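Positions 75 to 268 (my numbering) are the ones given, in order, by the sequence shown. Note that beta-carbon positions come from the ideal geometry of N, C-alpha and C, so glycine has one too. None of the values given here were measured: they were computed from a predicted structure. Notes to accompany the following structure.
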Amino acid sequence: MTELIFATHNENKVKEVIPLLTGDFFILSLSQLGLNEDIPEPYNTIYENAIEKARVIYEKTGKNCFAEDTGLEVHALGGEPGVRSARYAGEAHDFEANIDKLLGKMEGQTDRRARFLTIICLILDGERFIFDGICPGTITFSRRGEKGFGYDSVFVPDGSLKTFAEMDLEEKNLFSHRRKATEKLITFLNKRDK
Ligand code: ITT
Numbered sequence: 075m076t077e078l079i080f081a082t083h084n085e086n087k088v089k090e091v092i093p094l095l096t097g098d099f100f101i102l103s104l105s106q107l108g109l110n111e112d113i114p115e116p117y118n119t120i121y122e123n124a125i126e127k128a129r130v131i132y133e134k135t136g137k138n139c140f141a142e143d144t145g146l147e148v149h150a151l152g153g154e155p156g157v158r159s160a161r162y163a164g165e166a167h168d169f170e171a172n173i174d175k176l177l178g179k180m181e182g183q184t185d186r187r188a189r190f191l192t193i194i195c196l197i198l199d200g201e202r203f204i205f206d207g208i209c210p211g212t213i214t215f216s217r218r219g220e221k222g223f224g225y226d227s228v229f230v231p232d233g234s235l236k237t238f239a240e241m242d243l244e245e246k247n248l249f250s251h252r253r254k255a256t257e258k259l260i261t262f263l264n265k266r267d268k
């Protein structure tokens, strides 16, 4: 049995990742451990912030853990909001304000291409491992759907006509950046266990 902390305060992420965990794992969330302090995301890249989040929790707990950082990269905006996805419209981490800002910036833009990028950093017995997942798609002209979180209501993954917010969790996981990165993590852990 491998016990791992998932170093996130975002319960939506936990909900998406838990059903993907096939194998002999026991996942603890930060809230289960009573660790409620904000984890800093001080860097300018998704990659560095994923590493930092895992590092902070590993140092604090001494337990094996993984963290992930995700960003929405919009082609016509030069990769924005990217690493600033959570705080695009300000420090309040307000999903609706972030979407308003994004749709405003995309007004009149015909190039709607975008992608979600997830980087997972695993720290296992002090060693660091990185896994990534990308989901290409397009930005809609207005919100559609009520499910999910973040930018889900304005993102249509390639291969579907629905936004992520119009999909239930299983359907989102067919396409999602997070599922792809998590699968790489699971494959790695399952191989290592043998
Ligand atoms: P943790 O750092 O505690 O894990 P967070 O919500 O701050 O949680 P991120 O920095 O990784 O997580 O995410 C940045 C933002 O990107 C997040 O607040 C959402 O607005 C958005 N986001 C991330 N994953 C998403 C997804 O699958 N669908 C839609 N938006 C997503």
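Item, Value
"Cα separation between Ala124 and Thr261?", "19 Å"
"For the alpha helix (DSSP H) holding Glu245, just list the boundary residues, first then last.", "Leu243 to Phe249"
"Distance, Cα to Cα, Glu142 vs Asp98?", "21 Å"
"Among residues of its own chain, excluding the 5 on either side of Val91, which ones have a beta-carbon nearer than 8 Å to its beta-carbon?", "Phe80, Ile101, Arg252 and Thr256"
"What are the start and end residues of the beta strand (DSSP E) that includes Val230?", "Phe229 to Pro231"
"Is the Cβ-Cβ distance between Arg129 and Ile197 less than 8 Å?", "yes"
"Between the stretch 149-169 and the stretch 181-193, are three or more C-beta pairs nearer than 8 Å?", "yes"
"Rounded to a whole number of angstroms, what is the C-alpha to C-alpha distance between Thr144 and Ile120?", "7 Å"
"Can you tell me whether Arg252 sits near the ligand ITT, meaning its C-beta is under 7 Å from at least one heavy atom of the ligand?", "yes"
"State the DSSP-derived secondary structure class of Asp206, mapped to helix, strand or coil.", "strand"
"Quick one: Cα of Arg218 to Cα of Leu177, how far?", "13 Å"
"Go to Leu146, then tell me how far its alpha helix (DSSP H) extends in each direction, as first and last residue.", "It is not in any alpha helix (DSSP H) - Leu146 instead sits in the beta strand (DSSP E) that spans Cys139 to Val148."
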